[in-house]
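Visitor: Numbering (the UniProt record's numbering), first residue to last: 1 to 509.
Ideal placement from N, C-alpha and C gives every residue a C-beta, glycine not left out.
My questions will all concern the structure given below.
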Amino acid sequence: MSDDSDPFAEFVRPPLHETPSERAARKYREAEEKRVSDAIDEQIKQERQILLKQKTLTKILLLGQSESGKSTTLKNFRLEYARGEWEAEKVSWRAVIQLNLVRSVLSILETVRAEMEGDPLLELDDTDSVDTLDGTDPNPPTQLQLSPDEIQQLQMFEFRLASLRRVEMDLKQKLGAGTEEVTSMDESLDLPPDLVNEVYPEKAPDSRYLVARKTRRRRVQGEEMVVRGLRWREFLSRGRKGSFGRKTRANLDVQDQRVADILAECRDDMKRLWNNHTVRMILEKRRMTMENSAGFFLNDIDRIASSLYLPSDDDIVRSRLRTVGIQEYHIFVPGDNLLGPKREWILYDVGGSRTMRRAWIPFFEDVNAIIFLAPLSCFDETLLEDSSVNRLNDTIGLWKAIVSSKILQNTTMVCFLNKCDILKRKLRDGIQFRNYVRDYGNRPNELLPVIKFVKESIKNIAIKYTVNQRRMTYIYTTSVTDTKATAATLGSVRDSIFRTNLASASLVV
Ligand SMILES: Nc1nc2c(ncn2[C@@H]2O[C@H](COP(=O)(O)OP(=O)(O)OP(=O)(O)O)[C@@H](O)[C@H]2O)c(=O)[nH]1
Ligand SMILES: [Mg+2]
């Protein structure tokens, strides 16, 4: 094709009487222009790819107070959508579960010792009795009269199970954990002042509208176990890749063996302790309901205190390891078309205790959805880190702060009303919801009415404090240690998140 056929040819043709030096200069200029143009093209291409990735990348933040079930929810996601990694990491959880069991046994021994030494009971004000006018407890706990035989038996347990302290140390060392106890904190606010100002507008009513009349100080059952996110992740992935150095591996193996041997030696005594009538009486008197506490494995001693022990999926989901810092997990979730490409989701698991909540804020910026864990069973408990704060009030206040946050107005909200199994047990045991929640009134002390009441509160807060009426909020009733039921819920959450952009309704409950 000749230049004449190109309408632009005349405008791009080089000068007719170009000297060699002018030509060289022009060529240089053109090459330089092409280089710049190519660089811009490349940049645009890269930006497009990032945009494309961002479009398919979904970021989900798990929020809620400590022990609300964030990490347990994350485990359910991984069990469902990252099965390969889950299987590979399974064995690494053995130490965590062993430590959970050992901690339970040690905390029973501590309680027994406290009883033998006549230590006063911790704050025990969760009886279903009504306060008397003069403030005295109409049903003071009766003093247990232990016979010499019983005392001897209890001392024998202490003696025979003393080696578990060594096991506890070994396991902590193995996990590379920075173990800390959550105690009362020196800060009074859980969120930085700017976010507090943003999320607590001046007209916001008292977040304690679910005012607890009486609260129960949560018992710290022994020292709480904490594993710093990074080191634990490193531990898991090293275990997965088998990439510990040979010497480290050998040391760990020796340590593993020692732990397994001591646990096996202690197995029968641990079982006898847990089934001992006097011990049960002491636990009851001191309101230690072991079944309701995190990392409860006392009914699985035979399996766990064996050198052949390998954790089951259920064990891992029920185990307790407090999260410190932020942990990031990638999962690949099938889209609407199950045969189509999978979507990448990034899940962020955070520490929920008050001092750790500051670290949540930077993640608000570009998160697609928040899964908020609201543990309902904690209505009669206070925060470990601040015993003046009722846990249900803390949860309600947090929910309000999150739904009213300006930065999160386009973020899909999912709320799990969690730990319904423990709630059911507590109500069945006669713990009165109305004694802690002023507005509950004379409604029945039963599971469904209690759930309905809290769900209404959560929903009303969402309606009242959501500025963007197009934002979707979903509320589910869960017990996330039940992996089967949770799998169905996660399927529904997945659909909701995929649907989000199409949504027009303001609230789905
Ligand atoms: N029975 C029961 N136990 C639960 C439920 N959800 C969580 N747990 C247990 O409660 C404990 C605490 O749960 P986590 O998932 O570790 O809590 P978290 O919100 O991650 O806590 P932090 O990491 O401290 O912020 C674990 O031992 C779980 O197995 C539930 O619905 N029912
Ligand atoms: Mg956690």
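1. With respect to the beta strand (DSSP E) encompassing V350, which residues constitute its N-terminal and C-terminal limits?
2. State buried or exposed for R391, treating a residue as buried only when at least 16 other CB atoms are found within 10 Å of its CB.
3. Cα separation between K424 and S377?
4. Express the C-alpha separation of L427 and R451 in angstroms, rounding to a whole number.
5. Do L63 and L384 have their beta-carbon atoms positioned less than 9 Å apart in this structure?
6. Measuring CB to CB, does L308 end up less than 9 Å from V105?
7. Would you say T489 touches ligand 1, meaning its beta carbon is less than 8 Å from a heavy atom?
8. Reducing DSSP to helix, strand and coil, say where M288 ends up.
9. Taking the alpha-carbon positions, what's the E150 to D119 distance?
10. Decide if A401 is buried, meaning its Cβ has at least 16 other Cβ atoms within 10 Å, or exposed.
11. Starting from the C-beta of F364, find all residues in its chain whose C-beta is less than 7 Å away, skip the five residues before and the five after it, and write them out in chain order.
12. Any idea what DSSP makes of V211, helix, strand or coil?
13. Does DSSP classify V324 as helix, strand or coil?
14. Out of K174, I40 and T111, state which residue places its alpha-carbon closest to the alpha-carbon of L154.
15. Flag K459 as yes when its Cβ comes closer than 8 Å to any non-hydrogen atom of ligand 1, and as no otherwise.
16. By alpha-carbon positions, which one of A305, A114 and N100 ends up nearest to M169?
17. Using 8 Å as the cut-off, can you tell me whether the segment 429-446 makes contact with the segment 364-374, which would need three or more C-beta pairs spanning the two stretches below that distance?
18. Out of curiosity, what's the CA-to-CA distance linking R219 and D386?
19. Can you look up H17 in the DSSP assignment and give me helix, strand or coil?
20. For the 8 Å Cβ check, are there 3 or more pairs between the segment 333-341 and the segment 28-38?
21. Ligand 1 and T395: does any heavy atom of the ligand fall closer than 8 Å to the residue's C-beta?
22. Please name the residue or residues paired with L99 in a DSSP beta bridge.
23. With a Cβ-Cβ cutoff of 9 Å, do R160 and D302 count as a contact?
Guide: Checking against the coordinates, here is how it stands:
1. Working through the sequence shown from its first residue, we reach residue 350 at position 350. From DSSP, the beta strand (DSSP E) with V350 extends over K342 to V350.
2. For the purposes of this step, residue 391 is taken as the residue at position 391 of the sequence shown. It counts as buried.
3. Counting from one through the sequence shown, the residue named residue 424 turns up at place 424. Counting from one through the sequence shown, the residue named residue 377 turns up at place 377. So the two alpha carbons sit approximately 8 Å from each other.
4. Taking the first residue of the sequence shown as 1, we reach residue 451 at position 451. Taking the first residue of the sequence shown as 1, we reach residue 427 at position 427. A quick correction: the sequence has Ile, not Arg, at residue 451. Taking the straight line from one Cα to the other gives about 11 Å.
5. Start at 1 with the first residue of the sequence shown, and residue 384 comes out as number 384. Start at 1 with the first residue of the sequence shown, and residue 63 comes out as number 63. Cβ atoms of L384 and L63: not closer than 9 Å.
6. Mapped onto the sequence shown, residue 308 falls at position 308. Mapped onto the sequence shown, residue 105 falls at position 105. Cβ atoms of L308 and V105: not closer than 9 Å.
7. In the sequence shown, residue 489 corresponds to position 489, counting from 1. No; taking the cut-off as 8 Å, the Cβ of T489 has no heavy atom of ligand 1 nearer than that.
8. The residue labelled residue 288 in the question sits at position 288 within the sequence shown. Reduced to three states, the DSSP call for M288 is coil.
9. Residue numbering aside, residue 150 sits at position 150 when the sequence shown is read from its first letter. Residue numbering aside, residue 119 sits at position 119 when the sequence shown is read from its first letter. Each residue's alpha carbon lies about 18 Å from the other.
10. Looking up residue 401 in the sequence shown gives position 401. Burial call: buried.
11. Locating residue 364 in the sequence shown gives position 364, counting from the first residue. Hits under 7 Å: S405, I407 and L408.
12. Taking the sequence shown and counting its residues from 1, one reaches residue 211 at position 211. Note that V211 has pLDDT 37, beneath the 50 cutoff, so the model's placement of it is unreliable and no number is given.
13. If you number the sequence shown from 1, residue 324 lands on position 324. Note: V324 maps to strand in three-state DSSP.
14. Walking along the sequence shown from the start, residue 154 turns up at place 154. Answer by Cα proximity: T111.
15. Here residue 459 refers to the residue found at position 459 of the sequence shown. No; taking the cut-off as 8 Å, the Cβ of K459 has no heavy atom of ligand 1 nearer than that.
16. Counting from one through the sequence shown, the residue named residue 169 turns up at place 169. Selected option, being the one with the closest Cα: N100.
17. no
18. As a working mapping, residue 219 is identified with position 219 in the sequence shown. As a working mapping, residue 386 is identified with position 386 in the sequence shown. Because the pLDDT at R219 is just 47, under 50, the model does not fix this residue reliably, and the value given afterwards should be weighed accordingly. Looking at the two C-alpha atoms, the distance is approximately 12 Å.
19. As a first step, residue 17 is located in the sequence shown; it is residue number 17 there, counting from the start. In this structure, H17 counts as coil in the three-state DSSP scheme.
20. Segments in contact, no.
21. As a working mapping, residue 395 is identified with position 395 in the sequence shown. No; taking the cut-off as 8 Å, the Cβ of T395 has no heavy atom of ligand 1 nearer than that.
22. Position 99 of the sequence shown holds residue 99. Per DSSP, none; premise fails for L99.
23. Numbered from its first residue, the sequence shown carries residue 160 at position 160. Numbered from its first residue, the sequence shown carries residue 302 at position 302. In this structure, D302 does not lie closer than 9 Å to R160 by Cβ.
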